[in-house]
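*Asks:* Per the working numbering, the sequence shown starts with residue 78, numbered consecutively.
Heads up, the beta-carbon is just placed ideally off N, CA and C, and yes, glycines get one too.
Source: prediction; values computed, not measured.
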Amino acid sequence: VARALEGNPGPYQVITADGTRPAWRPGSFDRVLVDVPCTGLGALRRRPEARWRRKPGDLAGFAPLQRGLLREALNAVRVGGVVGYVTCSPHPAETRAVVEDVLKGHGAVAGSDAAAVTADWIDARPLMSDVPALGDGPDVQLWPHMHGTDAMYLALLRRTA
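1. Taking the CB atoms as reference points, tell me whether A153 and S105 lie closer together than 8 Å.
2. Given 8 Å as the limit, is there contact between the segment 83-92 and the segment 121-138, that is, 3 or more CB pairs closer than that?
3. Under a three-way DSSP split, which group does R93 fall into?
4. Are there any heavy atoms of the ligand ATP lying less than 7 Å away from the beta-carbon of V111, as far as the coordinates show?
5. List in chain order: all unbroken beta strand (DSSP E) runs of 3+ residues lying wholly within the segment 141-197.
6. With C-beta atoms as the reference, is A279 less than 8 Å away from L233?
7. Which whole-angstrom value is the C-beta distance of R235 and V194, which I expect to be below 8 Å?
8. Comparing C-alpha positions only, which one of A94, P88, E171, L231 sits nearest to E149?
9. Considering only C-alpha positions, which residue in the set A238, M229, G145 is nearest to G184?
10. Kindly give me the distance between the Cβ atoms of V160 and V109, rounded to whole angstroms, as I take these residues to be in contact under 8 Å.
11. For G119 versus P167, is the C-beta spacing smaller than 8 Å?
12. Assuming R123 is part of the beta strand (DSSP E), what are its boundary residues?
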């Protein structure tokens with residue numbers, strides 16, 4: 078992210094840190110991008126050998142860490158702040174299930190329509206007309222066969238209180 082933003086003026090600061098042990102006060106940020114560790118199943122087109130390294134138990138091992146990082150990110154943003162939850166896995170246990178679980182336990186958060194926010198800057202031309210371009214919302218699921226990317230997931234969450 079820091080490299081992508083080089084040379085772009087703006088009032089932002091990129092902080093890379095251990096999100097499980099935050100060194101900042103709650104409500105310190107306007108926006109947080111939490112790119113969680115995952116199985117990497119969405120990157121198989123670039124790393125096909127990974128399918129032989131993964132085991133069924135790997136999936137369950139990531140979920141607690143993913144939920145914890147998302148909760149900490151939500152605590153790190155001020156009221157009205159936005160958290161982007163991103164993973165390069167298409168598996169529901171690492172995407173929607175994590176977001177839904179955290180939303181249930183954190184009453185002061187509302188989902189935002191990531192598909193609407195990203196529609197202008199994602200080149201979404203599905204190969205099949207009956208497949209939604211950016212997922213069925215409000216989150217976004219990108220697919221290699223449709224978008225020419227890894228199978229990436231994005232959810233946007235706004236802290237309401």
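*Replies:* Based on what the coordinates show:
1. Here residue 153 refers to the residue found at position 76 when the sequence shown is read from its first residue. Here residue 105 refers to the residue found at position 28 when the sequence shown is read from its first residue. Yes, these two residues count as a Cβ contact at 8 Å.
2. no
3. For the purposes of this step, residue 93 is identified with residue 16 of the sequence shown, where counting begins at 1. The residue asked about is misnamed: residue 93 is Thr in this sequence, not Arg. Coil.
4. As presented, the structure is devoid of all ligands, the ligand ATP included, so that no description of it is given.
5. 154-164, 186-189
6. With the chain covering 78 to 238 only, the question about residue 279 has no answer from this structure.
7. Position 158 of the sequence shown, counted from the first residue, corresponds to residue 235. Position 117 of the sequence shown, counted from the first residue, corresponds to residue 194. The Cβ separation is near 11 Å, so there is no contact.
8. The count along the sequence shown starts at 1 and reaches residue 149 at position 72. For the residues A94, P88, E171, L231, the minimum Cα distance to E149 belongs to A94.
9. Taking the first residue of the sequence shown as position 1, residue 184 is located at position 107. Selected option, being the one with the closest Cα: A238.
10. For the purposes of this step, residue 160 is identified with residue 83 of the sequence shown, where counting begins at 1. For the purposes of this step, residue 109 is identified with residue 32 of the sequence shown, where counting begins at 1. Right, their Cβ atoms sit about 5 Å apart.
11. The residue given as residue 119 occupies position 42 in the sequence shown. The residue given as residue 167 occupies position 90 in the sequence shown. Yes.
12. Here the question's residue 123 lines up with position 46 in the sequence shown. Taken as a continuous stretch (DSSP letters only), R123 belongs to no beta strand (DSSP E), as it is neither H nor E.
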